[in-house]
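K.L.:
Every position in the sequence shown, counted from 1, becomes a number in my numbering once 548 is added.
Note that the Cβ used here is the ideal one computed from N, Cα and C, for glycine as well.
Let me begin by handing over the structure; questions about it come next.
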Amino acid sequence: MYHIRNITKDVVWIGASDRRLALFENLFPIPRGVSYNSYLIMDEKTVLMDTVDNGVAGQFFENLEHALSGRALDYLVVSHMEPDHCAMIGDIVRRYPDVKIVGNAKTFTMIGQFFGTDCSDRAVVVKEGDTLSFGAHTLHFVMAPMVHWPEVMAAYDETDKILFSADGFGTFGALNGGIFADEVDFDRDWLDDARRYYTNIVGKYGASVQTLLKKAAGLDIAVICPLHGPVWRENLGYILEKYQKWSTYEAEEKAVVILYASVYGNTASVADALAGRLAENGVKKIAVYDVSNTHVSELISEIFRASHLVLAAATYNAGIYPAMENLLSDMKALAVQNKTVALIENGSWASTAAKQMKEKLSELKNMTILDTQVSVKSAMLEGQEEALLALTDAIMETL
């Protein structure tokens, strides 16, 4: 059974959702599934904006055929060559043998790499600022390299003022009937997945996102159509502001996230005790995570959200407890910066974790590491409260 929705009179959403897939990119947990958005422009020429993942191919082709209502497909615009969006290119060509494929030079290089296909006889190669008219609708192409692959491009429909934004402004989560952000409670139900999607997939490319945002600022945009998640037709400033903060590595909130790596629970107890002291001092939105039991994508999302981090780790084999060391490596890989960090270490005979965590953090940009730290030998005992209170005070002063 087909499922399509009109974005405007001539532009139709024909995507599909996958609730069976457990891991996005075989890496990130998606308990709420994911949507693969595809759009069809019905004009003098018919224009398909991207395809979908192989996992939802059946639904996609039902939607496409119903939307076309017997017409041929004239053009396929390829915004992004990741297989969750380009998997159906071969099937499209077989079903619609006269279709023209629109992409940039890097697009066609990747089509050859993925499919071993020479598309030169049907290729329409575009570059920054090029336009294509299909009747009443004209697409203006905006290159967006490294958001988050080098071939990525956005397209702006000058008629309906739609920005087809590729992976930009996307989010994890299946669409449950409503395809528009104003049809859901985005702040409550979608923001965490939008942040987790951005920070883990696009996060390290903040400078590239900034370039795209500056280009977008020069366009009169009424609708944003991403390749994943809800379509934005109202309150565009909300999601644009989030992207501005995330891409400049500015914290969304003055908040404290405590991340601990504990072997037998003693370091965890110190982390919980600190959380309690901070709450007594009026700090809101404190979050505490066991880095051994929380997927790193959630940790990275929370690290981007908050202004202040507390890293609490046991010393392990004279190094940093592995789960915490892995998190620090991910923080570096995803360009985490502009944070205030407090350190807690635990070591029964040789506490070296704080020193080594500080060295790892020094590799990141604009990280303020508090001089006050807590060093525990095995477990925090009666009489050691003063060190914890001093750390609480140091965090409060910077908040």
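1. Is the distance from the Cβ of A871 to the Cβ of V811 below 7 Å?
2. If we count Cβ pairs, one from each stretch, closer than 8 Å, do we get three or more for the region 764-776 versus the region 713-722?
3. Looking at the unbroken beta strand (DSSP E) that takes in D566, where does it start and where does it end?
4. Is the beta carbon of A835 closer than 7 Å to that of V858?
5. Can you tell me which of the three DSSP states D838 falls into?
6. Please check the pair D768 and G683, which I expect to be a contact at CB under 8 Å, by giving their CB distance rounded to whole angstroms.
7. Is it right to say R567 is buried, meaning 16 or more other beta carbons lie within 10 angstroms of its own, or is it exposed?
8. Using 10 angstroms around the beta-carbon of T946, count the other beta-carbons present and answer buried if the total reaches 16, otherwise exposed.
9. What beta strand (DSSP E) runs, 3 residues minimum, are completely inside the region 671-714?
10. Starting from the N-terminal side, write out each stretch of the alpha helix (DSSP H) that is 4 residues or longer and does not extend beyond the region 571-648.
11. Less than 8 Å between the CB atoms is what I'm expecting for M629 and F662, so what's the real figure, rounded?
12. Less than 7 Å separating the beta-carbons of F720 and I578?
13. Grab me the residues of N652's own chain with a C-beta within less than 7 Å of its C-beta, minus the 5 sequence neighbours each way, in chain order.
14. Do the CB positions of L822 and L847 come within less than 7 Å of each other?
15. Compare the beta carbon distance of S795 and G754 with 7 Å and say whether it is the shorter of the two.
16. Bridge partners of I892, per DSSP?
17. Which residues does DSSP list as the beta-bridge partners of E801?
18. How many angstroms separate the CA atom of S923 from the CA atom of T940?
19. How would you call W897, buried or exposed, if buried means at least 16 neighbouring beta carbons within 10 angstroms?
20. What is the DSSP secondary structure of V831, counted as helix, strand or coil?
21. Could you check how far apart the C-beta atoms of T655 and T686 are, in whole angstroms? I think they sit under 8 Å.
22. For the alpha helix (DSSP H) that contains W794, what are its first and last residues?
23. Could you say which of K906, A764 and V884 lies nearest to A703 if we only look at CA atoms?
24. For D878 and G830, I'd like the C-alpha separation in whole angstroms.
25. Quick check: does the Cβ of I578 come within less than 6 Å of any heavy atom belonging to the ligand SAH?
26. Taking K790 as the reference, which of Y587, G581, S849 and H856 has the closest Cα?
27. To which residues does DSSP link T916 through a beta bridge?
28. Nearest to L680 by alpha carbon, out of W697, G660 and V625?
29. According to DSSP, is F728 part of a helix, a strand, or is it coil?
30. V884 and I917: beta carbons closer than 7 Å?
31. Under the rule that 16 or more other beta-carbon atoms within 10 Å means buried, what is G726, buried or exposed?
32. Going by Cα to Cα distance, which pick from K925, Y584, L739 and A881 is closest to G951?
33. Give the DSSP-derived three-state secondary structure of N554 in the structure shown.
34. Exposed or buried, what is K887 when buried is set at 16 or more other beta-carbons lying within 10 Å of its beta-carbon?
35. Closest to I943 by C-alpha separation, out of L826, N585 and A935, would be which residue?
36. Do V604 and A564 have their CB atoms nearer than 7 Å?
P.N.:
Let me spell this out:
1. On the sequence shown, residue 871 is found 323 positions in, with the first residue counted as 1. On the sequence shown, residue 811 is found 263 positions in, with the first residue counted as 1. No; because the gap between Cβ atoms is not below 7 Å, this pair is not in contact.
2. yes
3. Start at 1 with the first residue of the sequence shown, and residue 566 comes out as number 18. Run containing D566: A564 to D566, per the beta strand (DSSP E) assignment.
4. Mapped onto the sequence shown, residue 858 falls at position 310. Mapped onto the sequence shown, residue 835 falls at position 287. Their beta carbons are not under 7 Å apart, which means V858 does not touch A835 by this criterion.
5. In the sequence shown, residue 838 corresponds to position 290, counting from 1. In this structure, D838 counts as strand in the three-state DSSP scheme.
6. For the purposes of this step, residue 768 is taken as residue 220 along the sequence shown, with counting starting at 1. For the purposes of this step, residue 683 is taken as residue 135 along the sequence shown, with counting starting at 1. At roughly 20 Å, the Cβ-Cβ gap does not stay under 8 Å, so D768 and G683 are not in contact.
7. As a position in the sequence shown, residue 567 is number 19, starting the count at 1. Flag for R567 reads exposed.
8. Counting from 1 along the sequence shown, the entry for residue 946 is found at position 398. Its Cβ having fewer than 16 others within 10 Å, T946 is exposed.
9. 671-673, 679-681, 686-691, 701-705 and 710-712
10. 605-616, 631-634 and 637-643
11. As a working note, residue 629 is residue 81 in the sequence shown. As a working note, residue 662 is residue 114 in the sequence shown. Yes, they are in contact, since the Cβ atoms of M629 and F662 sit about 7 Å apart, within 8 Å.
12. Within the sequence shown, the letter at position 172 stands for residue 720. Within the sequence shown, the letter at position 30 stands for residue 578. Cβ distance < 7 Å, so F720 and I578 count as in contact.
13. If you number the sequence shown from 1, residue 652 lands on position 104. So the qualifying residues of the chain are V673, V674, K675, M691, E699 and M701.
14. Here residue 822 is taken as the residue at index 274 of the sequence shown, counted from 1. Here residue 847 is taken as the residue at index 299 of the sequence shown, counted from 1. No, Cβ-Cβ distance for L822 and L847 is not below 7 Å.
15. As a first step, residue 795 must be located in the sequence shown, where it is residue number 247. As a first step, residue 754 must be located in the sequence shown, where it is residue number 206. Taking 7 Å as the Cβ cut-off, S795 and G754 qualify as a contacting pair.
16. To locate residue 892, count along the sequence shown from 1; it is residue 344. Partner(s): A860 and V922.
17. In the sequence shown, counting from the first residue as 1, residue 801 sits at position 253. BP columns for E801 point to A854.
18. Mapped onto the sequence shown, residue 923 falls at position 375. Mapped onto the sequence shown, residue 940 falls at position 392. About 14 Å.
19. To locate residue 897, count along the sequence shown from 1; it is residue 349. So W897 ends up on the exposed side.
20. Sequence index remark: in the sequence shown, residue 831 carries index 283 (1-based). In this structure, V831 counts as coil in the three-state DSSP scheme.
21. For the purposes of this step, residue 655 is taken as residue 107 along the sequence shown, with counting starting at 1. For the purposes of this step, residue 686 is taken as residue 138 along the sequence shown, with counting starting at 1. Going by Cβ atoms, the distance from T655 to T686 rounds to 20 Å, so no, they are not a contact pair.
22. Along the sequence shown, read from residue 1 onward, the residue named residue 794 stands at position 246. Run containing W794: L784 to S795, per the alpha helix (DSSP H) assignment.
23. Residue numbering aside, residue 703 sits at position 155 when the sequence shown is read from its first letter. Nearest of K906, A764 and V884 to A703, Cα basis: A764.
24. As a position in the sequence shown, residue 878 is number 330, starting the count at 1. As a position in the sequence shown, residue 830 is number 282, starting the count at 1. When rounded, the distance between both Cα atoms is 31 Å.
25. Within the structure as shown, the ligand SAH is missing, as the structure has no ligands at all.
26. Here residue 790 refers to the residue found at position 242 when the sequence shown is read from its first residue. Considering only alpha carbons, the answer is S849.
27. The count along the sequence shown starts at 1 and reaches residue 916 at position 368. Paired residues: T888.
28. In the sequence shown, the residue the question calls residue 680 occupies position 132. L680 has its Cα closest to that of V625, out of W697, G660 and V625.
29. In the sequence shown, the residue the question calls residue 728 occupies position 180. F728 falls in the strand class under three-state DSSP.
30. Working through the sequence shown from its first residue, we reach residue 884 at position 336. Working through the sequence shown from its first residue, we reach residue 917 at position 369. Not in contact: V884 and I917 (Cβ atoms no closer than 7 Å).
31. Within the sequence shown, numbered from 1, the residue matching residue 726 stands at position 178. That one is exposed.
32. Only positions 549 to 947 of the chain appear in this structure, which leaves residue 951 out of reach.
33. As a working note, residue 554 is residue 6 in the sequence shown. Of the three classes helix, strand and coil, the one that applies to N554 here is strand, per DSSP.
34. In the sequence shown, the residue the question calls residue 887 occupies position 339. Counting Cβ neighbours within 10 Å, K887 comes out buried, since at least 16 surround it.
35. Along the sequence shown, read from residue 1 onward, the residue named residue 943 stands at position 395. For I943, the nearest C-alpha among the options comes from L826.
36. One-based indexing of the sequence shown puts residue 604 at position 56. One-based indexing of the sequence shown puts residue 564 at position 16. Yes, these two residues count as a Cβ contact at 7 Å.
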